[in-house]
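Following this note's numbering, the numbering of the sequence shown begins with 6 at its first residue and continues without gaps.
Some notes on the structure that comes next.
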Amino acid sequence: MYMTFRWYGNQDPIPLEYIRQIPGVRGVVSALYDVPVGQVWPAEKLSRLKDRIEAAGLAFSVVESIPVHEDIKLGRATRDRLIENYQRSVQHMGALGIPVLCYNFMPVFDWTRTSLAMRLEDGSTALAYDHAELEKIDLSRGTGDLPGWATAYTAEELAALLDAYRSVDKERLWEHLAHFLERVVPAAEESGVRMAIHPDDPPWSIFGLPRIITNDAALERLVRLVDSPANGVTFCTGSLGALPANDLPAMVCRLGGMGRINFMHCRNVKNTGERRFHESPHPGEFGSVDMCAVLRALRETGYTGPMRPDHGRMIWGEQGRPGYGLHDRALGAMYLQGLWEGLAR
Ligand code: DNO
């Protein structure tokens, strides 16, 4: 395992130089944020980003994410041209030696919460989700009412998309994912890039949309769609941990044993009811994820890939991008490395 840290490029208030000062962090997880979804990521732009990261003494370890166009998820006729563009972006990554690509296949919405600043008893704030609250959100006004989704879709765009998904049930979505991976994984494998699907967050259907990457059976089905080490997963303890039925150490053992964990996202969640959780400090005692057991299982698989501390709380008065402040994620990086080192003894 080697430790990495997510950095949002020019839009990130945290300088790379600060990330460099977190002990043990060797790599950066980043992306091009100004390329419209569906277009090829220009090699020169990616190369400039890599140079900037390396100038700070860090490696460009993971691209998170190249977004998958909705037409691909919907299986529309335009998808094959979009998939070709995706292949080219992956080839550009490979040519620059960026080894891992984290992506997701969630219809319309990426990670979703009902509060971005729930106050915890120690005075810090954290992201939270309550399904009963989610059901009260009125999408007829676009995504504007959703925490974290300021201007992504207008009311008309969103209505059209939700309508298009009415004919895509879970099995159709699996077919569309297979169609995508059958074409992209070989390109990734040839380019020396490992794909790592991010589980759905939260791992259940929201707003009537299908969500399929939710549990053990789904992840095993995913890796079998295309039998290649380039077709792997981002094991996100927080996303998967929101479903108490998920036995995380057992899942790590199985997927890691197959060599299909290509990236680790470590964060903790405290499950406080059915489909109700809030994020919590990384150490196991504060949430529902037994982080020590997860890392022990991971160590036993011989994992040598990247890990990043996922979402942190806002602490010490920090203001910043929800989930992605500096302080608590840095504490997370230290805790995870401490566990990892201790487990080796
Ligand atoms: C949230 C992240 C996700 C992740 C994407 C990957 O904080 O974990 O937004 O980057 O789902 O495509």
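Where is the CB? At the ideal position from N, CA and C, for every residue including glycine.
Asked                                                                                                  : Found
Between the CA atoms of E126 and L132 - distance to the nearest angstrom                               : 14 Å
beta-carbon Y38 near the ligand DNO non-hydrogen atom, thresh 7 Å                                      : no
Residue of V40, H136, S233 and S210 minimising C-alpha distance to N267                                : S233
Nearest residue (CA-CA) to M312, options W321, V299, E323 and G322                                     : V299
S66 beta carbon near the ligand DNO (any heavy atom closer than 7 Å)                                   : no
Residues near I142 in its chain [Cβ-Cβ closer than 7 Å; skip 5 each side]                              : D150 and L151
Candidates P41, R124, L186 and I217, of which the one nearest D357 by Cα                               : For residue 357 there is no data in the structure shown, the boundaries of the chain being 6 and 350.
N- and C-terminal bounds of the alpha helix (DSSP H) containing N90                                    : R84 to A100
Spatial distance of L303 from M8 (CA atoms)                                                            : 14 Å
Where the beta strand (DSSP E) through D135 begins and ends                                            : T130 to D135
Segment contact flag, the stretch 312-332 with the stretch 276-283, C-beta cutoff 8 Å, min 3 pairs     : no
Distance CB(L87)-CB(G43) smaller than 8 Å                                                              : yes
Classification of N15 by the beta-carbon crowding that lies within 10 angstroms, buried from 16 upward : exposed
For E69, the residue or residues it bridges with in DSSP                                               : C107
The stretch 213-223 contacting the stretch 184-199, beta-carbon criterion three pairs below 8 Å        : no
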